[in-house]
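Here the structure comes first, spelled out in structure tokens, and everything after it is commentary.
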Amino acid sequence: MKYIDIFAGCGGISLGLHRAGINGIFAIEKSEMAFETLKFNLIDNRNHFSWVDWLPKKEFDINYILNNYGDNLKELRGKVDLIVGGPPCQGFSLAGKRNENDFRNSLINSYIKFISLVKPNYLLFENVRGFGVGFKKKNGERGMAYSEHVIQRLEALGYIIDYKIVNVSQFGVPQRRNRFIISGVKNTLAKKNDFFERLEEQRKLFLKCNNLNENVSVKEAISDLLQKNGKIDSLEYKRFKEGKYNNRIKNNYVKLMKKDSHILPDSHRFPNHSEKTIEKFSYILNCADKNKTISEDIKKHFNMKKHSVIPLCGKSTSPTLTTLPDDYIHYCEPRILTVREYARIQSFPDDFIFKGKYTSGGKNRRFEVPRYTQIGNAIPPFFGEVAGLTIKKWNKEFQKIKAETKVSEKNNDEVLA
2 MKYIDIFAGC GGISLGLHRA GINGIFAIEK SEMAFETLKF NLIDNRNHFS WVDWLPKKEF
62 DINYILNNYG DNLKELRGKV DLIVGGPPCQ GFSLAGKRNE NDFRNSLINS YIKFISLVKP
122 NYLLFENVRG FGVGFKKKNG ERGMAYSEHV IQRLEALGYI IDYKIVNVSQ FGVPQRRNRF
182 IISGVKNTLA KKNDFFERLE EQRKLFLKCN NLNENVSVKE AISDLLQKNG KIDSLEYKRF
242 KEGKYNNRIK NNYVKLMKKD SHILPDSHRF PNHSEKTIEK FSYILNCADK NKTISEDIKK
302 HFNMKKHSVI PLCGKSTSPT LTTLPDDYIH YCEPRILTVR EYARIQSFPD DFIFKGKYTS
362 GGKNRRFEVP RYTQIGNAIP PFFGEVAGLT IKKWNKEFQK IKAETKVSEK NNDEVLA
């Protein structure tokens, strides 16, 4: 099977599909930093994408591709099994300002146009839970959700559509992350879409084969990366320290993450917190409720203006990771998480190396996609792998039926002759 990843980010779902044995044709990503990570890991080091000769291996906005390579995309018809990816989600997020006029919402039309040009056999669309909730009107009522708009247009293109809110923690990801997933299959290929039933079967098999529980805890995921394991001077960043592994910790999740990894964890740079910040975080860890944003009383006590600060609980899965690392406090050390810890909680293995800026602050957060943002925006690879295995098995069944039908037709022709 072959696929195209659009709005690819740093390559979370592509890594999952790579593990599932589905081959990439090319990927489209607008951010230079995110594409650098994708290129290093999936193009240069894993040779995952065959890549088309008419498209340079660099970052592109999807509208540039549509406007300049439309004929090339049409020529791919019949050669692409699957298209994955969903437009940026900030305009739909229930956790954000939820602006109906956010310019990123218009990328839905770009997505539809891309599907209409290539016409893959299958499609897999991912977005935030709020994508399925209509925006409030001035009279307080809710309008039609964008999901309904997308589903109607995809059905008009000849796809049988199904959708569901999926919590990725059920796939062995140590994070409660609800996502709106749309599955599509050509109506010439199938009479019904039972993707989510098949996904559930594959999910259970995936957990069993990898010796994973549904609810992997934060402690299970990152306890071998504690600061108390020891620190060394960072080779990449002056005036910073990096962490070491605790190789005595060998639970099943850590084993999966560290497979084929380097001697030292990549992107495991500890923050240089002030003594005042460390004291504040220590107090929060001792006194605040875990996995919930701190109370107004604590905010007032420390004169904190930040909207959301959440001390993590080591015994349970993490809340949904955002793109802002200072939204969370480590479950047992008075500090924010490192990029590698962020990656672990998203199910990125340790041999997946992140490129670009470590983080961005101030106004740059609106324009840049540093490592934390790349991870916060990503589709967890574990989910991508299970979805890929599901579609691969589904497709194999269709191909078998198609082959049997051809044999039957041939036999009938011979009898008639």
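Under our numbering, the residues of the sequence shown are numbered 2 to 418, in order.
Glycine included, each C-beta is placed from N, C-alpha and C at the ideal position.
Relative to the Cα of F384, the nearest Cα in the group I5, I14, H331, K165 belongs to I14.
Note that the region 396-405 does not touch the region 208-218; fewer than 3 beta-carbon pairs, one per stretch, sit closer than 8 Å. In this structure, DSSP gives Y4 an extended state, which the three-state scheme calls strand. V219: member of the alpha helix (DSSP H) spanning 219-223, first to last residue.
Non-local C-beta neighbours of N24 in its own chain, meaning closer than 6 Å and more than five positions away in sequence, comprise K3, ordered along the chain. Nearest in C-alpha terms to E202, of all of C11, G10, A388, F8, is A388. By a beta-carbon distance limit of 8 Å, I337 does not contact D267. Their separation comes to about 18 Å. DSSP places I162 in the uninterrupted beta strand (DSSP E) bounded by 160-168.
Taking the C-beta atoms as reference points, T324 is found no nearer than 7 Å to R177.
Between the region 221-230 and the region 327-345, the count of C-beta pairs closer than 8 Å reaches three or more; the two stretches touch.
Going by DSSP, E33 is part of no beta strand (DSSP E) but of the alpha helix (DSSP H) stretching over 33-39. Between the C-alpha atoms of A191 and K401 there is a straight-line separation of about 13 Å. Distance between G71 and L118, taken at the CA atoms: about 7 Å. In the displayed model, F61 falls within coil according to three-state DSSP, outside both helix and strand. Per the coordinates, the alpha-carbon of N287 lies some 11 Å from the alpha-carbon of E280. Residue burial annotation: S32 is buried, with at least 16 other C-beta atoms found within 10 angstroms of its C-beta. With contact defined as three or more Cβ pairs closer than 8 Å, the region 43-59 and the region 16-30 are in contact. Within the same chain, Cβ atoms closer than 6 Å to the Cβ of G377 are found at L322, T323, T324, the five residues on either side in sequence being excluded.
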